[in-house]
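When you line the sequence shown up against my numbering, it's residues 439 to 969, in that order. I have placed the structure first, in the form of structure tokens, so that the comments after it can refer back to it.
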Amino acid sequence: MPNPTLFQAWEWYAPADGQHWARLGQNIPELKALGIDRMWLPPGCKAGWEGSNGYDVYDLYDLGEFDQKGGKCTKWGPKEALIDMARLANKVKIGLLWDAVLNHKSAADYTEKCLAVIVDKNDRLKDISPIHEVEVWTGYDFSGRKGKYSTFRYHWHHFSGTDWEAALKTNDSLYKFVGPGKPGWAPDVDNSFGNSDYLMGNDLDYSQQEVRDDIHAWGEWVVKEVGLSGFRLDAVKHFSQHFLKEWIQRLDSKFPGRRLFHVGEYWRPDINVLRPVIELMEGRLSLFDVPLACNMSKVAASAPDADLRQIFHGTLAKHYPAQAVRDHEVDPIPFWFVPLGYALILLRANVGYPCVFYGDLYGISGHRPQPPQPLLPRLMMARKLYAYELSLSKLLCTLDPMLDDRTFVFITLSPQQQLDPLPIPCSDLQMTFREKEGLTIVTTLRRAEEHGFNYSYRSKMITLNVHSSLEAVGFMKVISTALADEGLSSNPVSAYYHDHIFVKEEVAEKAVKVLNSIADAFRAGRASRDA
């Protein structure tokens with residue numbers, strides 16, 4: 439399998455013309471050819487105004503479908519264009535990650551009155567005012583959507599706090615809501631400013647079961663609606679880590695045959711802060727390698743006397759993070775250093791999941807435009823074509839089983855039965871193997887029945903999306919042994935691009951769970967060894 443590469447499929451200053459989804463769809467063949475296997479989409483839910491990039495999220499269920507907050511489309515385009523682009527991506531097996539903003543809501547529809555206390559902005563655990571009544575923009579009725587997809591409405595008690603007082607028309611203070619069933623800020627967040635639960639807008643309160651239920655329902659809905667393979671999670675350090683773990687586990691239970699990939703943005707350069715988050719998530723959440731981004735920024739600033747020998751020191755390299763040189767924030771890395779940074783993350787196998795930024799591949803617009811990086815496509819192709827993995831532990835850490843929906847069967851033909859050409863078109867053959875006793879054909883149940891063949895072993899195919907070398911030793915032994923220990927027979931096949939396993943169709947989902955547990959166990963074991 440070609441080495442995987444993530445693509446951030448947008449940049450901050452992209453034109454707000456509603457054509458981004460269409461342009462992205464046109465770029466998909468080129469991106470596939472360059473080795474992209476997943477795309478990180480922008481936060482494409484309806485935001486506070488029509489030109490917003492989406493982080494001031496208003497309605498999670500509006501993907502550019504309803505006339506709300508200034509129009510139907512999001513900055514990125516109408517929902518119809520999003521779905522068309524998603525179909526093109528899924529057709530060529532490029533997975534899609536949605537940029538999920540689960541920390542807050544913005545642009546409420548009306549004000550409400552509630553009780554609150556002002557807290558010190560530099561120490562959010564310190565109250566600096568008595569409890570008093572405030573008027574705040576916290577009422578959401580999503581009138582343009584008219585209850586489609588979800589009838590839930592948000593009110594002040596669904597939030598922990600806000601920074602805007604409607605009567606005073608100012609955001610000079612930070613208000614924490616109080617009242618029955620309001621415990622205050624979430625305790626399981628980053629400890630910056632005493633407690634980092636609050637970031638912006640109206641801060642979602644995940645101690646409220648109604649909020650948890652709505653976000654759970656949205657996650658399942660958007661995966662189905664768009665055809666997603668995972669999420670990029672914004673502002674992970676600002677909302678409940680235990681809820682995030684629960685949210686990921688719920689999605690795993692809803693999509694047992696689909697290994698969703700999750701990567702979080704936790705902006706702290708301290709590995710001792712980041713590593714416990716990875717351990718809590720038990721291998722189901724990767725993080726962006728913020729320490730590496732900071733190291734690259736320091737190296738660029740100290741050139742020409744920089745020492746590259748320590749650039750991966752104190753980073754998440756051993757925890758398979760997403761690694762980016764630049765993203766929509768852009769500023770930390772100067773233009774001249776960008777190709778050097780990409781060489782560091784693209785040309786090393788299995789020390790992370792490199793992320794290529796849209797602005798570096800296609801150019802950056804805005805008040806400080808930058809051209810594309812001319813060497814970047816060549817570096818991407820070098821990654822795609824070379825540097826494959828032999829280490830068994832690294833292969834098992836990156837194991838990503840994908841269950842094929844089709845039912846397969848095995849057909850055997852004796853030498854006397856073999857015809858030239860075969861009665862089944864080559865395009866319908868999954869596999870053939872010739873022995874002196876006869877020919878074995880693997881094809882779909884539907885094709886076998888269409889052509890009137892006798893068949894055996896009704897099975898499902900599980901593809902192991904792992905970037906391995908054909909020379910890797912012991913990989914399939916671990917897989918087949920784990921399945922056998924659970925009483926599951928398997929028929930493994932190693933092809934050039936992927937390894938595959940055929941299992942009886944009635945135990946396919948159980949087999950996927952076993953394979954996922956192998957990856958989780960190796961990731962968790964690696965994290966604890968590196969602690």
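Cβ coordinates follow ideal geometry from the N, Cα and C atoms, glycine included. The model shown is predicted, which means the values in this text are computed figures rather than measured ones.
Residue i: first and last residue of the uninterrupted alpha helix (DSSP H) it sits in
i, result
"Gln464", "His458 to Ala471"
"Ala738", "Val728 to Ala739"
"Asp690", "Gln679 to Lys692"
"Gln748", "Gln748 -> no alpha helix (DSSP H), and no H or E assigned at all."
"Tyr934", "Where Tyr934 is concerned, there is no enclosing alpha helix (DSSP H), given that its DSSP letter is neither H nor E."
"Ser918", "Phe913 to Asp923"
"Glu717", "Ile709 to Leu718"
"Ala519", "Lys517 to Lys529"
Distance CB(residue i)-CB(residue j) smaller than 9 Å
i, j, result
"Gly702", "Phe681", "no"
"Tyr780", "Gln808", "no"
"Ala519", "Met477", "no"
"Lys484", "Asp497", "yes"
"Leu501", "Val664", "yes"
"Gly599", "Ala957", "no"
"Thr443", "Val794", "yes"
"Asn954", "Pro777", "no"
"Leu642", "Val661", "no"
"Pro653", "Leu540", "Per the sequence shown, residue 653 should be read as Ile rather than Pro. For Ile653 and Leu540, yes; Cβs fall inside 9 Å."
"Val572", "Ala554", "yes"
"Leu730", "Gln761", "yes"
"Glu550", "Trp594", "yes"
"Lys975", "Ala545", "The structure shown does not extend to residue 975, since the chain is modelled only from 439 through 969, so no value can be given for it."
"Leu754", "Leu712", "yes"
"Gly632", "Asn560", "yes"
Other residues of its chain near residue i: CB distance less than 8 Å, five sequence neighbours each side excluded
i, result
"Asp455", "none"
"Thr608", "Trp602"
"Glu468", "none"
Residue i versus residue j: straight-line alpha-carbon distance, rounded
i, j, result
"Trp450", "Tyr796", "10 Å"
"Arg706", "Asp628", "9 Å"
"Glu875", "Ile849", "13 Å"
"Lys543", "Ala604", "16 Å"
"Trp602", "Leu563", "19 Å"
"Ala949", "Leu612", "50 Å"
"His805", "Ala452", "11 Å"
"Ala969", "His757", "Interpretation of Ala969 is limited by its pLDDT of 48, a score under 50 that renders its predicted location unreliable; the figure taken from the coordinates is listed afterwards. Their Cα atoms are separated by approximately 11 Å."
"Gly509", "Ser645", "33 Å"
"Leu637", "Ser928", "49 Å"
"Lys822", "Pro621", "50 Å"
"Ser932", "Asp923", "21 Å"
"Gly619", "Ser691", "29 Å"
"Gln457", "Trp514", "6 Å"
"Ile917", "Glu944", "19 Å"
"Tyr704", "Asp672", "8 Å"
Where residue i falls, given that 16 or more other Cβ within 10 Å makes a residue buried
i, result
"Pro480", "buried"
"Trp774", "exposed"
"Ser667", "buried"
"Phe871", "exposed"
"Ile566", "exposed"
"His676", "buried"
"Asn640", "buried"
"His700", "buried"
"Cys552", "buried"
"Ile686", "buried"
"Cys864", "exposed"
"Glu503", "buried"
"Ser740", "exposed"
"Gln748", "exposed"
"Leu606", "exposed"
"Gly489", "exposed"
"Ser989", "For residue 989 there is no data in the structure shown, the boundaries of the chain being 439 and 969."
"Gly657", "buried"
"Leu746", "exposed"
Start and end residues, beta strand (DSSP E) containing residue i
i, result
"Val759", "Note on residue identity: the sequence assigns Pro, not Val, to residue 759. Where Pro759 is concerned, there is no enclosing beta strand (DSSP E), given that its DSSP letter is neither H nor E."
"Gln868", "Leu867 to Glu873"
"Asn640", "Asn640 to Leu642"
"Arg476", "Ile474 to Trp478"
"Lys564", "Asp561 to Asp565"
"Val880", "Gly876 to Thr882"
Neighbourhood of residue i by C-beta distance below 6 Å, restricted to the same chain and skipping five residues each side
i, result
"Met899", "Asp842, Phe846, His938 and Phe940"
"Arg670", "Trp478, Leu535, Asp537 and Val701"
"Asp475", "Pro442"
"Leu678", "In the sequence under discussion, the amino acid at residue 678 is Ser, which differs from the Leu named in the question. Answer for Ser678: Ala624, Asp626 and Tyr644, listed in chain order."
Contact set for residue i: own chain, Cβ-Cβ below 7 Å, skip 5 residues either direction
i, result
"Leu867", "Ile879 and Thr881"
"Val557", "Lys564, Asp565, Ile566, Leu612 and Lys614"
"Leu837", "Leu902, Val904, Leu953, Ile956 and Ala957"
Short CB-CB distance (under 9 Å) between residue i and chain B
i, result
"Gly533", "Absent here is chain B; the protein component of the structure consists of one chain."
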